[in-house]
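This report refers to the structure that appears directly beneath it.
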Amino acid sequence: DAFDAACIRCGLCVRACPYATLTLAPLGAGIPVGTPYFEARSVPCEMCQDIPCKQACPTGALSPSLEKIEAARMGIAVVADPERCLSLQGIHCDACYLACPLKGKAITMERLRKDGGRTVFFPTVHSDACTGCGKCEHDCVPEIAVIRVLPIAEVHGGLERGRRRETSLMGLPKASTPAVNAARRSTL
1182 DAFDAACIRC GLCVRACPYA TLTLAPLGAG IPVGTPYFEA RSVPCEMCQD IPCKQACPTG
1242 ALSPSLEKIE AARMGIAVVA DPERCLSLQG IHCDACYLAC PLKGKAITME RLRKDGGRTV
1302 FFPTVHSDAC TGCGKCEHDC VPEIAVIRVL PIAEVHGGLE RGRRRETSLM GLPKASTPAV
1362 NAARRSTL
């Protein structure tokens, strides 16, 4: 894709990140060695208003036209394992909603009536507003996050370099697979 072609894997975006969110892919990460990426569960993007990673990029691989971080598209959050969502189980939890920097736009809590007339609130991700920052995944309460940030092409059913990813959309990626990586980003 355009990012892979433009990124020279110099690491300047990694050094520019004030939160140590970005790291360079090691050998065996499933993406080219030295590709900048982040694992949302560990350290999400903090949505810096001045977008220092983009400013540091000498090739324009990180969307030079991006002016507002709210317009970034690093991936899309999905409720990957709804059966384990505490809120859907009737336990009050809105951690993903509260963590979202675009509350009420990217994630909303929708009323859902379950069998037996019980009402629960369920997180709903609006892909047109989700930046893929990963704050929702980072703050998800269960040990293995119920809400995960996935590559945009995977969420929309696209092919990734001519083949489907090893895991399905509703499955959890292998632990060695970055939840979000710059190689699959369409913008930022």
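Note that this note's numbering has the sequence shown beginning at 1182, numbered continuously upward. Beta carbons: idealized from backbone N, C-alpha and C, even for Gly.
For Tyr1200, the secondary structure class from DSSP, reduced to helix, strand or coil, is coil. In this model, Ala1276 and Cys1226 are separated by some 17 angstroms (Cα to Cα). In this structure the stretch 1262–1276 lies against the stretch 1310–1327, because at least three pairs of beta carbons, one per stretch, are closer than 8 angstroms. When secondary structure is reduced to three states using DSSP, Ala1187 falls in the helix class. Burial state of Thr1202 is buried, judged by a 10 Å Cβ sphere holding 16 or more other Cβ atoms. The C-beta distance from Tyr1218 to Ala1206 rounds to 6 angstroms, short enough to meet the 8 angstroms contact threshold.
Only residues of its own chain outside the window of five on either side were considered, and among them Leu1283, Lys1286, Ala1287 have a CB closer than 6 angstroms to the CB of Ala1310, listed in chain order. Closest by C-alpha distance to Tyr1278, out of Lys1295, Ile1328, Ile1250, Ser1223, is Ile1328.
Just so you know, the alpha carbons of Pro1239 and Gly1192 end up roughly 10 angstroms apart. In this structure, Ser1244 is the residue among Ala1183, Ser1244, Ile1272, Phe1302 with its C-alpha nearest to the C-alpha of Arg1254. The beta carbon of Arg1299 is closer than 7 angstroms to those of Gly1271 in its chain, skipping five residues each way along the sequence. Nearest to Val1336 by alpha-carbon distance, out of Cys1317, Val1260, Thr1289, is Val1260.
A residue is called buried once 16 or more other Cβ atoms fall within 10 Å of its Cβ, and Thr1204 is buried on that count.
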